[in-house]
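Protein sequence lines correspond, in order, to chains A and B.
The opening position of the first sequence corresponds to residue 12 in this note's numbering, with each subsequent residue numbered one higher.
The opening position of the second sequence corresponds to residue 12 in this note's numbering, with each subsequent residue numbered one higher.
Glycine is no exception: its CB is placed at the ideal position from the N, C-alpha and C atoms.
Number of protein chains: 2
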Amino acid sequence: MTPEDQLIGRITGALRSAASGAKLRPGIGDDAAVVPPSGKADWVLSSDASLEGVHFLADTHPADSVGYKALARATSDLAAMGATPRFFLLTLALPLSRTGAWLDRFLKGLRSAAQRFGMTLIGGDTTRSRRIFISITVVGRVAPGRAITRSGARPGDRIYVSGTLGAAQLGLWMIKRASGGRSRLTAHLYPRIRIELGAWLAREGVASAMIDISDGLSTDLGRLCRASGVGARIRADRIPCVQIPAGGRRPSALDPLKLALDGGEDYELLFTVPPRKEKRLRQAPGFRDLTQIGEIVRTKEVTLVDKTDKRLVPGGWDPFGSA
Amino acid sequence: MTPEDQLIGRITGALRSAASGAKLRPGIGDDAAVVPPSGKADWVLSSDASLEGVHFLADTHPADSVGYKALARATSDLAAMGATPRFFLLTLALPLSRTGAWLDRFLKGLRSAAQRFGMTLIGGDTTRSRRIFISITVVGRVAPGRAITRSGARPGDRIYVSGTLGAAQLGLWMIKRASGGRSRLTAHLYPRIRIELGAWLAREGVASAMIDISDGLSTDLGRLCRASGVGARIRADRIPCVQIPAGGRRPSALDPLKLALDGGEDYELLFTVPPRKEKRLRQAPGFRDLTQIGEIVRTKEVTLVDKTDKRLVPGGWDPFGSA
């Protein structure tokens with residue numbers, strides 16, 4: 012057995028799951044995975060990369076969080092389509108120095124995410140590299156024609172977000188300064204993914220458009236509006252901002268509204284609901300966690316309504332941005 | 012529009028294909044791609060990474076070859092299952108310095124491969140990195156239960172390979188020394204993928220096991236035998252070795268048999284055929300390109316039959332090997 016085959020064996024062993032089912036033939040140890048037809052359901056596929064120095068810092072972020080989050084980030088894209096996650100493929104490029112204890116902890120976090128999201132590893136690739144590079148492809152399913160895209164928002168639709176925004180970015184700030192307890196860091200290290208909510212919205216046909224907030228509300232709302240050919244007005248005082256812990260230093264970078272607008276990595280869902288369907292939203296899982304922050308308008312501009320009614324400039328995270 | 016969104020727009024524009032069909036909803040510009048059910052066919056999925064400095068040298072290999080080969084390598088895994096390629100997702104991490112002319116040429120090569128293999132880009136991810144990193148997930152389909160795995164070889168089955176082995180490695184040797192014309196380098200830069208042959212073998216149920224030769228015959232035959240719980244005897248004089256051009260220096264590294272056994276990157280198919288089905292093989296597309304090199308045996312050892320009958324040690328390419 013070659014060293015590469017041994018490494019693949021370790022990965023497979025750590026992620027072996029009872030959930031794989033009898034009919035599924037994983038591609039690990041074969042050239043490719045074979046997935047039986049899903050009946051009449053549509054398949055939903057997405058890929059997401061996590062790169063050392065860009066998406067995480069190998070000496071700051073615990074390895075199990077890197078594994079958990081790599082799968083969570085990709086899976087959030089399925090949730091944002093209303094799909095139920097099923098499988099994933101893992102491409103892993105590692106320096107030799109990370110193939111020991113670091114890899115074990117990484118796989119532990121990945122396994123914990125896979126179990127929580129109900130997913131089975133069916134294939135992937137491993138190779139050597141100077142820096143850690145992870146690419147994950149996720150596969151989910153959704154009832155035919157029920158997937159929720161970014162492009163269905165219409166003027167008058169109400170804009171909703173789940174959860175609290177800015178918590179992940181606050182966690183990143185705290186972990187870089189080694190301040191704050193572990194419990195405060197959960198949103199940054201082990202983000203919750205809104206699988207149930209997304210699937211409910213698709214099944215019930217309640218949302219007209221949806222996106223997950225991965226790069227920041229200001230950036231992702233802009234994307235949803237552009238895809239739908241509409242604009243939006245959101246109210247600053249409605250945005251569910253993270254609470255900044257009292258005491259200690261609190262530099263201006265820690266403005267709660269700015270964290271919520273531009274923070275990114277919250278993996279909450281941002282979706283639009285036609286007024287006539289708004290009542291049904293009360294049945295949604297986690298309804299009390301939802302906030303209406305504004306509405307879709309005809310003019311193609313995204314406005315933040317506060318004392319000055321200013322145009323909202325995308326200020327979220329961009330790997331190719333100049334920031 | 013953010014810089015990342017602009018980059019995604021360029022990638023999508025370069026790879027836009029008429030083949031995408033009306034029902035397919037690509038994930039580019041949305042969170043994920045939606046793929047309608049494939050009737051009763053099984054889906055086949057695989058991921059493959061191409062990393063600067065490991066799989067290619069950015070200043071030696073033409074950018075269009077890097078793009079072509081990244082998709083070819085992944086697609087060869089579908090061919091090795093007997094699947095017909097359909098879709099792919101592209102994860103691309105690039106330094107800013109490669110987002111100009113290099114990216115354009117890379118996309119040109121990728122597009123040429125996608126057209127040749129009949130594939131449509133349906134999603135992916137882009138990010139910034141110090142070195143070029145490409146991860147591609149390919150999706151194909153095969154009639155239910157017809158996929159050919161590595162594990163079905165039985166004692167007495169005949170072992171076949173397609174094409175000529177060692178040509179890609181010879182091409183790599185030549186390109187590193189800037190010797191040899193472009194036509195000689197084709198096997199290394201723009202390898203042919205045996206999609207038709209693989210699909211025929213699956214459809215007709217002729218092969219009992221199959222793998223593509225990506226890391227070298229010695230390594231990949233070992234994998235097929237291990238997965239099948241068998242051994243093999245192959246004859247050195249039967250192996251279709253690349254011809255080394257006459258004249259010039261010809262160091263011992265350029266032993267044709269060694270190139271064929273350990274060279275890798277040939278992307279030819281290695282498969283086993285039960286004796287009773289051997290006659291039907293004559294109908295295979297490109298039958299004249301196939302060579303029987305030995306047979307499967309009960310004892311779990313892979314032997315190279317020559318003057319000394321030595322045990323065949325996996326000598327192919329391994330990113331985690333000590334070589």
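{"Asked": "Assigned secondary structure, residue 33 of chain A (DSSP; H/G/I helix, E/B strand, else coil)", "Found": "At residue 33 of chain A, the pLDDT of 40 sits below 50, so the modelled position is not reliable and the matter cannot be decided from this model."}
{"Asked": "CB contact check: residue 284 of chain B to chain A, cutoff 8 Å", "Found": "no"}
{"Asked": "Members of the region 44 to 78 of chain B near chain A, C-beta cut-off 8 Å", "Found": "44, 45, 46, 47, 48, 49, 50, 51, 52, 53, 54, 55, 56, 57, 58, 59, 60, 62, 64, 65 and 66"}
{"Asked": "Residues of the region 307 to 326 of chain A with Cβ closer than 8 Å to any Cβ of chain B, in chain order", "Found": "325"}
{"Asked": "Cα-Cα separation between residue 272 of chain A and residue 235 of chain A, rounded to whole angstroms", "Found": "15 Å"}
{"Asked": "Residue(s) in a DSSP beta bridge with residue 65 of chain A", "Found": "According to DSSP, which records beta bridges pairwise, residue 65 of chain A is partnered with nothing at all."}
{"Asked": "Every unbroken alpha helix (DSSP H) inside the region 138 to 190 of chain B [4 residues or more]", "Found": "178 to 187"}
{"Asked": "Inter-residue spacing [alpha-carbon to alpha-carbon] between residue 156 of chain B and residue 53 of chain B", "Found": "7 Å"}
{"Asked": "Interface partners of residue 222 of chain B on chain A, CB under 9 Å", "Found": "41 and 42"}
{"Asked": "The region 200 to 217 of chain B touching the region 74 to 92 of chain B, judged by at least three CB pairs closer than 8 Å", "Found": "yes"}
{"Asked": "CB of residue 166 of chain A within 8 Å of CB of residue 46 of chain A, strictly", "Found": "no"}
{"Asked": "Closest residue to residue 40 of chain A among B:96, B:25, B:49 and B:57 (Cα-Cα distance)", "Found": "B:57"}
{"Asked": "Pairwise C-alpha distance: residue 227 of chain A and residue 326 of chain A", "Found": "7 Å"}
{"Asked": "Any chain B beta carbon closer than 8 Å to residue 135 of chain A", "Found": "yes"}
{"Asked": "Presumed contact (8 Å Cβ cut-off) between residue 185 of chain B and residue 281 of chain B, rounded CB distance", "Found": "Contact doesn't hold; Cβ gap of about 24 Å is too wide."}
{"Asked": "Near-chain A residues of the region 107 to 123 of chain B (beta-carbon distance less than 8 Å), N- to C-terminal order", "Found": "107 and 110"}
{"Asked": "Three-state secondary structure (DSSP) of residue 276 of chain A", "Found": "coil"}
{"Asked": "Short CB-CB distance (under 8 Å) between residue 141 of chain A and chain B", "Found": "yes"}
{"Asked": "Coarse secondary structure for residue 331 of chain B, derived from DSSP in three states", "Found": "coil"}
{"Asked": "Residues, ordered as in the chain, of the region 80 to 103 of chain A that lie near chain B by beta-carbon distance below 9 Å", "Found": "85, 87, 88, 89, 90, 91, 92, 94, 98, 100, 101, 102 and 103"}
{"Asked": "Contacts of residue 175 of chain B in chain A (Cβ-Cβ under 9 Å)", "Found": "Neighbours of residue 175 of chain B on chain A: none; closest Cβ ~21 Å, over 9 Å."}
{"Asked": "Range covered by the beta strand (DSSP E) that runs through residue 117 of chain A", "Found": "No beta strand (DSSP E) contains residue 117 of chain A, which is instead part of the alpha helix (DSSP H) from 112 to 128."}
{"Asked": "Spatial distance of residue 219 of chain B from residue 304 of chain B (CA atoms)", "Found": "16 Å"}
{"Asked": "Minimum Cβ-Cβ distance from residue 144 of chain A to chain B less than 8 Å", "Found": "yes"}
{"Asked": "Extent of the continuous beta strand (DSSP E) run through residue 305 of chain B", "Found": "301 to 308"}
{"Asked": "Same chain, Cβ closer than 7 Å to residue 204 of chain B, neighbours up to 5 away in sequence not counted", "Found": "83, 86, 87, 90, 128 and 278"}
{"Asked": "Entirely enclosed alpha helix (DSSP H) segments - the region 203 to 257 of chain A, minimum 4 residues", "Found": "206 to 215 and 228 to 239"}
{"Asked": "Test: residue 331 of chain B CB closer than 8 Å to a CB of chain A", "Found": "yes"}
{"Asked": "Nearest residue (CA-CA) to residue 139 of chain B, options B:110, B:124 and B:154", "Found": "B:110"}
{"Asked": "Contacts around residue 289 of chain A, its chain only, beta-carbon distance under 7 Å, and the 5 residues preceding and following it disregarded", "Found": "169"}
{"Asked": "Span of the beta strand (DSSP E) around residue 94 of chain B", "Found": "Residue 94 of chain B -> no beta strand (DSSP E), and no H or E assigned at all."}
{"Asked": "Status (buried if at least 16 other CB within 10 Å, exposed otherwise) for residue 321 of chain A", "Found": "exposed"}
{"Asked": "Chain A contact residues for residue 161 of chain B, given Cβ-Cβ distances below 8 Å", "Found": "40, 41 and 42"}
{"Asked": "Cβ neighbour criterion (16 or more within 10 Å) applied to residue 296 of chain A", "Found": "exposed"}
{"Asked": "The region 118 to 125 of chain A in contact with the region 238 to 255 of chain A per 3-pair CB rule at 8 Å", "Found": "no"}
{"Asked": "Span of the beta strand (DSSP E), counted from its first residue to its last, around residue 44 of chain B", "Found": "44 to 46"}
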